[in-house]
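Chains as they are written, first to last, in our numbering: chain C, 219 to 550; chain B, 1026 to 1190.
Each remark here refers to the structure printed beneath this line.
Pasting the structure below:
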């Protein structure tokens, strides 16, 4: 591997990932408002371009041209750092996501570990944003976001350990290539663990909570905390938070589809490729949006109780049952 | 409905300005707050039958830092006026104000000799762009007011004007 093509390759992937994150956020803004509209018996964006597809463009132009306010009492460095950090971490995760058999920026054998390492730092970005704003609502929201993320990281990682035990690999491309057709998907109980449908459910709920989506969006509870950790952010600072949030939603759903639904593999075993990855991931993203506009927000206690009293015990049971099953295959 | 404060900027960057104004006009996010009964009509405008989100205005932001247009919906009591002024000052530029209903325009039915509790019109405490009369105005009137604000920004109207006869 000579140096020059490697640089070209890196640049192509950087541009590609950034373009994809931007387009993904624009598409999800449009999809979210359209789906929200139809769920609430409205139409949603309609007048700005055909079917309102130019709505994210208008929002983007508006946000970019809006005045950026840094409050006088805020910690200037932390306040400016937080949206950039959120965005950077969400983009970095795309480095190891396999979109196709060879369409992956870095095919490393600890991809899963790297994704969870970066997603865990993401909560730090929210926290320094809330802390740096010097606003009581932002601080309360940041504390909530941290407690929520710590609580939901535990069951999520236990499920991931279970999946790593089944697949015996942390390389996402290897995990995907084990699931050649519909019957080999890890979501089904006859592949690996008999409790894997439950594992998928727990993973998906944890993804909702990790990305601060409703019904777990305690961090930006409008009814009590103004706008949460981004209360003081105007213009593109706020826009970057949303870009990062939509990128994290995509990453969470992409991980769910890679671990359980076969990633870029076709359900019928023919023509695997990037289109299956996108179809599966966006179907899961649609479910995330659907959940958001269907269920009301939980309370903070309900949220933490769900994690520590329900999800953690159940995921530990899944871990033990899977371990037993892998060691003594006969009773199953 | 009357547009006030119609002033032109001193320096023009023609095409860029047009693009920015088009973007702003199609993404006017209102500030979530209501003062009195006009707010009920504002909420009705946001939901199923009238659907402000068609024009990209349905994102009611709870924080003043992220909103573009302040809809003063209701009676401004003297106790509330400093808070409203603070919210207005917390909104980043460019920002617009809509006075919705008779109370926000000029005090409405609360204007009489010796009244002591009501600010007689939102324009006593901040500049107002669009005045929408009615007690309270119908949701159609609020939609028309927001379209007028768009017209003020872009210089062209979204749909042909309908004559009342």
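Ideal placement from N, C-alpha and C gives every residue a C-beta, glycine not left out.
Source: prediction; values computed, not measured.
| Asked | Found |
| --- | --- |
| Which bits of chain C does residue 1078 of chain B rub up against, with CB to CB less than 7 angstroms? | 251, 255, 260, 262, 263 |
| Pick helix, strand or coil for residue 311 of chain C, following the three-state DSSP scheme. | helix |
| Whose C-alpha, out of C:298, C:465, C:471, is nearest the C-alpha of residue 351 of chain C? | C:298 |
| Can you list the residues of chain C that residue 1081 of chain B reaches, using a CB-CB cut of under 8 angstroms? | 263, 265, 266, 270, 273, 276, 277 |
| Rounded to the nearest angstrom, what separates residue 339 of chain C and residue 300 of chain C at their Cα positions? | 11 angstroms |
| Give me the Cα-Cα distance between residue 334 of chain C and residue 447 of chain C, rounded to the nearest whole angstrom. | 22 angstroms |
| If you check the beta carbons only, do residue 1055 of chain B and residue 1097 of chain B fall under 8 angstroms apart? | no |
| Can you tell me which of the three DSSP states residue 1124 of chain B falls into? | strand |
| Specify whether the region 529-545 of chain C and the region 372-383 of chain C touch according to this definition: at least 3 beta carbon pairs, one from each stretch, less than 8 angstroms apart. | yes |
| Measure the C-alpha to C-alpha separation of residue 505 of chain C and residue 471 of chain C and round it to an integer number of angstroms. | 10 angstroms |
| Considering only the alpha carbon of each residue, which of C:282, C:430, C:395 lies closest to residue 466 of chain C? | C:430 |
| Flag this pair as touching only if the region 1145-1152 of chain B and the region 1073-1090 of chain B have three or more C-beta atom pairs under 8 angstroms; answer yes or no. | no |
| When we look at the beta-carbon of residue 314 of chain C and count the other beta-carbons within 10 Å, is it buried (16 or more) or exposed? | buried |
| On the DSSP letters alone, give me the boundaries of the alpha helix (DSSP H) that residue 384 of chain C sits inside. | 354-385 |
| Run through chain C and tell me which residues come within less than 9 angstroms of residue 1072 of chain B, C-beta to C-beta. | 258, 259, 260 |
| For chain C, find out if any of its Cβ atoms is closer than 8 angstroms to the Cβ of residue 1026 of chain B; answer yes or no. | Confidence in residue 1026 of chain B is poor, its pLDDT being 47 and thus under 50, which makes the residue's placement too unreliable to answer from. |
| Chain C beta carbons: is any one of them nearer than 8 angstroms to that of residue 1154 of chain B? | no |
| Is any beta-carbon of chain C found at less than 8 angstroms from that of residue 1127 of chain B? | no |
| Taking C-beta pairs closer than 7 angstroms, name the residues in chain C that residue 1052 of chain B reaches, listed in chain order. | 276, 277, 280 |
| Taking the beta strand (DSSP E) that residue 444 of chain C falls in, what are its first and last residues? | Note, residue 444 of chain C: premise wrong, no beta strand (DSSP E); not H, not E. |
| Could you name each continuous alpha helix (DSSP H) segment of 4 residues or more that falls completely within the region 497-542 of chain C, going from the start of the chain to the end? | 518-523 |
| Look at the alpha carbon of residue 423 of chain C and the alpha carbon of residue 514 of chain C, and state the distance between them as a whole number of angstroms. | 15 angstroms |
| Helix, strand or coil, according to DSSP, for residue 251 of chain C in the structure here? | helix |
| Assess, as a yes-or-no matter, whether the region 454-461 of chain C is touched by the region 278-286 of chain C under the definition of 3 or more beta carbon pairs within less than 8 angstroms. | yes |
| Contact check, residue 1067 of chain B vs residue 1173 of chain B under 8 angstroms by CB: the rounded distance? | Residue 1067 of chain B to residue 1173 of chain B, Cβ: 16 angstroms. No contact. |
| Looking only at DSSP bridge pairs, what is residue 266 of chain C linked to? | Paired residue(s): none; residue 266 of chain C is not in a bridge. |
| Leaving aside the five residues before and after residue 325 of chain C along the sequence, list all residues of the same chain whose C-beta is less than 6 angstroms from its C-beta, in chain order. | 391 |
| I need the straight-line Cα distance from residue 1052 of chain B to residue 404 of chain C, nearest angstrom please. | 43 angstroms |
| Going by other Cβ atoms of all chains shown within 10 Å of its Cβ, with 16 needed for buried, is residue 1030 of chain B buried or exposed? | Note on residue 1030 of chain B: pLDDT 47, under 50, position unreliable in the model; no value is reported. |
| For residue 380 of chain C, which residues in the same chain have their Cβ closer than 7 angstroms to its Cβ, ignoring the five residues on either side in sequence? | 411, 417, 536, 537, 540 |
| Looking at the unbroken beta strand (DSSP E) that takes in residue 1156 of chain B, where does it start and where does it end? | 1155-1157 |
| In the DSSP assignment, what are the bridge partners of residue 1098 of chain B? | B:1125 |
| What in chain B is Cβ-close to residue 440 of chain C, meaning under 7 angstroms? | 1087 |
| Considering Cα atoms alone, identify which of C:503, C:518, C:400 is closest to residue 478 of chain C. | C:400 |
| Identify whether residue 1143 of chain B lies in helix, strand or coil by the three-state DSSP scheme. | strand |
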